[in-house]
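**Q** This is the structure I want to talk about, given as structure tokens.
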Amino acid sequence: MSRLPKSVTPSLKPFFQSSPSTVGNIRQFVSFRTAGSIPSVGKEGPKNVFHTLCCGVGNGYRSKHFVRTISSSLKCLKDVEEPKEVHEVKEKEAPKRSGAPMGQFIKPNLRQKRMLVWSKKYPSVAEVPEYVPVSKMVNATDIFRIKANLATMVVFLIASYITIKIGQHHRTKHILECQQEADDYHDMMDLFDAELDKAEENEKRYLEKQKK
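330 is the number of the first residue of the sequence shown in the working numbering; add one for each residue after it.
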């Protein structure tokens with residue numbers, strides 16, 4: 330297709346704008362393509378024909394873009410569709426229920442039963458049911474721990490007092506024993522000094538008799 334001279338090239342409107350005159354030109358262009366004859370386009374024949382051709386090309390490009398958009402959208406939709414082959418998930422067998430009631434319950438052992446009795450939740454171990462609420466068991470355990478801690482503190486204080494008294498008694502006894510040993514030693518030394526003095530006096534008397 331040969332280019333038209335610059336003098337013939339009109340100022341074109343955007344392709345996406347359409348007016349009644351443009352629609353009429355497109356119809357004339359279609360009739361020209363089908364009948365094979367050039368329609369009467371008035372005084373500005375070349376301009377109207379060129380305008381019609383440009384509008385047709387623009388519509389073609391827009392149609393092509395629309396088709397591409399539709400095809401890409403369909404492709405994306407196909408990609409996100411769920412696969413045909415869906416693997417069947419085998420349901421897990423439900424666990425067999427025992428005779429225990431479902432919920433927040435616990436089966437206490439002998440020690441826990443005694444805790445329940447000590448915390449005054451039940452009057453005796455025989456009257457404790459097979460399953461008790463967890464909240465009651467936790468409360469009984471807390472009460473037992475508090476009582477055990479208080480009892481431990483009391484026992485510790487009593488043991489400390491007894492230890493102090495025993496220590497004081499042993500200390501007093503040891504001091505008395507040491508004092509008694511010291512007294513006995515001094516008494517023995519006094520006796521020894523007395524015997525020594527007596528021996529010296531006897532020796533002096535013996536020497537005086539020898540001189541006479």
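Every residue, glycine too, gets a C-beta built ideally from N, C-alpha and C.
Everything numeric in this text was worked out from a predicted model, so none of it was measured.
According to DSSP, is residue 461 part of a helix, a strand, or is it coil?
**A** Residue numbering aside, residue 461 sits at position 132 when the sequence shown is read from its first letter. In the structure shown, residue 461 sits in a strand (DSSP, three-state: E or B).
**Q** What's the gap between the Cα of residue 465 and the Cα of residue 459?
**A** Taking the first residue of the sequence shown as position 1, residue 465 is located at position 136. Taking the first residue of the sequence shown as position 1, residue 459 is located at position 130. Roughly 13 Å separates the two Cα atoms.
**Q** In this structure, how does DSSP classify residue 417 when only helix, strand and coil are distinguished?
**A** Taking the first residue of the sequence shown as position 1, residue 417 is located at position 88. No answer about residue 417 holds up, because its pLDDT of 49 lies below 50 and its placement is not dependable.
**Q** With DSSP as the reference, please indicate the residues paired to residue 434 in a beta bridge.
**A** Translated into the one-based positions of the sequence shown, residue 434 becomes position 105. Answer is 462.
**Q** Is residue 455 helix, strand or coil when you go by DSSP?
**A** Position 126 of the sequence shown, counted from the start, is the residue given in the question as residue 455. Coil.
**Q** Report the residue from 434, 476, 453 whose alpha carbon sits nearest the alpha carbon of residue 443.
**A** In the sequence shown, counting from the first residue as 1, residue 443 sits at position 114. Looking at the Cα atoms, 453 is the closest of the given residues.
**Q** Which of the three DSSP states is assigned to residue 450 in this structure?
**A** Position 121 of the sequence shown holds residue 450. Looking at residue 450 - three-state DSSP - the assignment turns out to be coil, as it is neither helix nor strand.
**Q** From residue 439 to residue 479, what distance separates their C-alpha atoms?
**A** Sequence index remark: in the sequence shown, residue 439 carries index 110 (1-based). Sequence index remark: in the sequence shown, residue 479 carries index 150 (1-based). Those two C-alpha atoms are separated by around 23 Å.
**Q** Measure the beta-carbon distance from residue 461 to residue 445 and round it to whole angstroms, keeping in mind my assumption that it falls under 8 Å.
**A** Sequence index remark: in the sequence shown, residue 461 carries index 132 (1-based). Sequence index remark: in the sequence shown, residue 445 carries index 116 (1-based). Correct: roughly 7 Å between the Cβ atoms.
**Q** Give the straight-line distance between the Cα atoms of residue 506 and residue 498, rounded to the nearest whole angstrom.
**A** As a first step, residue 506 is located in the sequence shown; it is residue number 177 there, counting from the start. As a first step, residue 498 is located in the sequence shown; it is residue number 169 there, counting from the start. Taking the straight line joining both Cα atoms gives about 12 Å.
**Q** Assign residue 381 to buried or exposed, taking buried as 16 or more other Cβ atoms, counted over all protein chains shown, within 10 Å of its Cβ.
**A** Along the sequence shown, read from residue 1 onward, the residue named residue 381 stands at position 52. Residue 381 comes out buried.
**Q** To the nearest angstrom, report how far apart residue 383 and residue 396 are at their CA atoms.
**A** For this step, residue 383 is matched to residue 54 along the sequence shown. For this step, residue 396 is matched to residue 67 along the sequence shown. Roughly 20 Å between the two C-alpha positions.
**Q** Considering only their Cβ atoms, is the gap separating residue 472 from residue 448 smaller than 8 Å?
**A** Here residue 448 is taken as the residue at index 119 of the sequence shown, counted from 1. Here residue 472 is taken as the residue at index 143 of the sequence shown, counted from 1. Taking 8 Å as the Cβ cut-off, residue 448 and residue 472 qualify as a contacting pair.
**Q** Within 10 angstroms of its Cβ, does residue 457 collect 16 or more other Cβ (buried), or is it exposed?
**A** Start at 1 with the first residue of the sequence shown, and residue 457 comes out as number 128. So residue 457 counts as buried.
**Q** Suppose you measure from the CA of residue 532 to the CA of residue 540; what does that come to, to the nearest Å?
**A** Position 203 of the sequence shown, counting from 1, holds the residue named residue 532. Position 211 of the sequence shown, counting from 1, holds the residue named residue 540. Between the alpha carbons of residue 532 and residue 540 lies a gap of roughly 13 Å.
**Q** Buried or exposed for residue 365, please, with buried defined as at least 16 other CB atoms from any protein chain shown within 10 angstroms of its CB.
**A** As a working note, residue 365 is residue 36 in the sequence shown. Per-residue confidence for residue 365 stands at a pLDDT of 43, beneath the threshold of 50, marking its modelled position as unreliable; the derived number appears in the next sentence. Under a 10 Å Cβ-count criterion, residue 365 is classified as exposed, with fewer than 16 other Cβ atoms of the shown protein chains found around its own Cβ.
**Q** Which same chain residues, not among the five before or five after residue 514, have their C-beta less than 6 Å away from its C-beta?
**A** Translated into the one-based positions of the sequence shown, residue 514 becomes position 185. So no residue of the chain qualifies.
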